[in-house]
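Encoded as structure tokens, the structure appears first; notes follow it.
In my numbering, the protein residues as written are 15 to 247.
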């Protein structure tokens, strides 16, 4: 689990990047929330609600609190998967349970066969019901569930959001650099020739920021790919 609060991580990001520190704290924390959601899509926080009892005559069961999605429901005793659907009849998401999911080889077990030309026997796969079930579901990460090793990935996503914001501002409203930072200067010489100053265009500045955003996003993707699929973040 992370040893940093959101405020501490925000300040750490500001220390590492002057681009990030140019934004107010509330905006940076929004970037952190976006990074946490992006990380959660790739490597969500997995939890299990175990040993939920089947109630006779009941069709709908509670959706886990704060769950983002349900990934699997299984028989608590055997681990076999259960077919399910998520439904909302006006009072929030509920789970509608179905039968045990049949494996592909079950059809092969339900067949007539001959031990010999004289003796005929019959083999049949019997699928029984279930009394309790486990619900595997995902949650969005927050700073308390994210691993310390994942903070580097979060930083690069925050940096990418920073540069994306700057790229958009450069196009829509203009930034200080566009009007004050020249790309080339020709000084007036002793004979009085005029000085030539060329400034970067808004499009050029925006592209530079977009390129930096893409580089930061590439580092984010490289960082999360170091984690094995299906492991907790």
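Even glycine gets a Cβ: it sits at the ideal position worked out from N, Cα and C.
Just so we're clear, the structure is a prediction, and the values are computed from it rather than from any experiment.
Taking C-alpha atoms, which residue in 61, 85, 216, 54 lies nearest to residue 160?
The residue labelled residue 160 in the question sits at position 146 within the chain shown. Cα-wise, what sits closest to residue 160 is 54.
If you pair each beta-carbon of the stretch 101-115 with each one of the stretch 72-80, do three or more pairs fall below 8 Å?
yes
Pull up the CB-CB distance for residue 152 and residue 47, whole angstroms please, since I reckon it's below 8 Å.
Against the chain shown, residue 152 aligns to sequence position 138. Against the chain shown, residue 47 aligns to sequence position 33. With 8 Å as the limit, residue 152 and residue 47 do not qualify as a contact, their Cβ atoms being about 17 Å apart.
Where residue 20 and residue 182 are concerned, what is the direct C-alpha to C-alpha distance, given to the nearest angstrom?
In the chain shown, counting from the first residue as 1, residue 20 sits at position 6. In the chain shown, counting from the first residue as 1, residue 182 sits at position 168. In this structure, the alpha-carbon of residue 20 lies about 25 Å from that of residue 182.
Quick one: give me the first and last residue of the beta strand (DSSP E) that residue 151 is part of.
Taking the first residue of the chain shown as position 1, residue 151 is located at position 137. Residue 151 -> beta strand (DSSP E) spans 146-153.
Counting along the chain, where does the alpha helix (DSSP H) carrying residue 219 start and finish?
Numbered from its first residue, the chain shown carries residue 219 at position 205. The continuous alpha helix (DSSP H) containing residue 219 extends over residues 216-238.
Which whole runs of the alpha helix (DSSP H) in the stretch 72-115 are 4 residues long or more, in chain order?
none
Which partner residues does residue 66 have in the DSSP bridge list?
Taking the first residue of the chain shown as position 1, residue 66 is located at position 52. BP columns for residue 66 point to 147.
For the pair the stretch 166-184 and the stretch 223-241, tell me if three or more CB-CB distances fall below 8 Å.
Enough Cβ pairs lie closer than 8 Å, so yes.
Starting from residue 59, follow its DSSP beta bridges and name the residues at the other end.
Counting from 1 along the chain shown, the entry for residue 59 is found at position 45. 153.
So, under 8 Å CB-CB, residue 235 and residue 16 are touching, yes? Tell me the CB distance rounded to an integer number of Å.
What you label residue 235 is simply residue 221 of the chain shown in a count that begins at 1. What you label residue 16 is simply residue 2 of the chain shown in a count that begins at 1. The Cβ separation is near 20 Å, so there is no contact.
Got a sec? Which residues, its chain only, sit under 6 Å from residue 145 by beta carbon, not counting five neighbours each side?
Working through the chain shown from its first residue, we reach residue 145 at position 131. Cβ neighbours of residue 145 beyond the five flanking positions: 68.
Could you tell me the alpha carbon to alpha carbon distance between residue 148 and residue 28, rounded to whole angstroms?
Counting from 1 along the chain shown, the entry for residue 148 is found at position 134. Counting from 1 along the chain shown, the entry for residue 28 is found at position 14. Each residue's alpha carbon lies about 43 Å from the other.
Got a sec, what are the start and stop residues for the alpha helix (DSSP H) residue 21 sits in?
Counting from 1 along the chain shown, the entry for residue 21 is found at position 7. Segment 20-30, the alpha helix (DSSP H) holding residue 21.
What's the C-alpha gap between residue 150 and residue 34?
Taking the chain shown and counting its residues from 1, the one referred to as residue 150 is at position 136. Taking the chain shown and counting its residues from 1, the one referred to as residue 34 is at position 20. Answer to the nearest angstrom: the Cα atoms are 37 Å apart.
Taking Cβ to Cβ, would you say residue 40 is nearer than 7 Å to residue 168?
Against the chain shown, residue 40 aligns to sequence position 26. Against the chain shown, residue 168 aligns to sequence position 154. For residue 40 and residue 168, no; Cβs fall outside 7 Å.
Could you name the residues of the same chain whose beta carbon sits closer than 6 Å to that of residue 166, not counting the 5 residues immediately before and after it, in chain order?
If you number the chain shown from 1, residue 166 lands on position 152. Result list for residue 166: 237, in chain order.
Which class does residue 38 belong to by DSSP, given the choice of helix, strand or coil?
The residue given as residue 38 occupies position 24 in the chain shown. If DSSP states are grouped into helix, strand and coil, residue 38 belongs with coil.
Taking the alpha-carbon of residue 86 as reference, which of 64, 71, 52, 180 has the nearest alpha-carbon?
Start at 1 with the first residue of the chain shown, and residue 86 comes out as number 72. The option with the nearest alpha carbon to residue 86 is 64.
For residue 33, which three-state DSSP category applies?
Locating residue 33 in the chain shown gives position 19, where the first residue counts as 1. Looking at residue 33 - three-state DSSP - the assignment turns out to be helix.
Residue 161 by DSSP, collapsed to three states: which one?
For the purposes of this step, residue 161 is taken as residue 147 along the chain shown, with counting starting at 1. Correct three-state label for residue 161: coil.
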